[in-house]
Amino acid sequence: MRARPAGNAVFWAEAGQEFRLACESRLVDCLGLESFMENWPQARERYEMNRSLAKVSFEEAKQALKTIVGLLDQQDIFPLDYPVDLLF
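324 is the number that the numbering used here gives to position 77 of the sequence shown; each next residue is one higher, with no gaps.
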């Protein structure tokens, strides 16, 4: 968010399309914020243990994630759902 503020509509439109393509090409489901919040306590613990991430507080990172998911949600990116039968 520091490098690409939420107001940078062109960047976030491109990022949304790239995110969709990455998920589609790997058959990765994503419901939106709900998917990112899975195992959240473990994510927080690991984030806070990683010294290389100390420049950005966990709360700032959490807020950035919510903002980014909101930006992607405005583009109707979610839900991304790929049935298992596509694999066969």
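All C-beta atoms, glycine included, are put in the ideal place defined by N, C-alpha and C.
Looking from the CA of L327, the closest CA among R249, S272 and S304 belongs to S272. L327 sits in a strand when the DSSP states are folded into three classes.
Around the beta-carbon of F305, fewer than 16 other beta-carbon atoms lie within 10 Å, marking it exposed. Secondary structure note for Q321: its alpha helix (DSSP H) is the uninterrupted segment F305 to Q321. If you check the CB distance, F325 and L318 do not come in under 9 Å.
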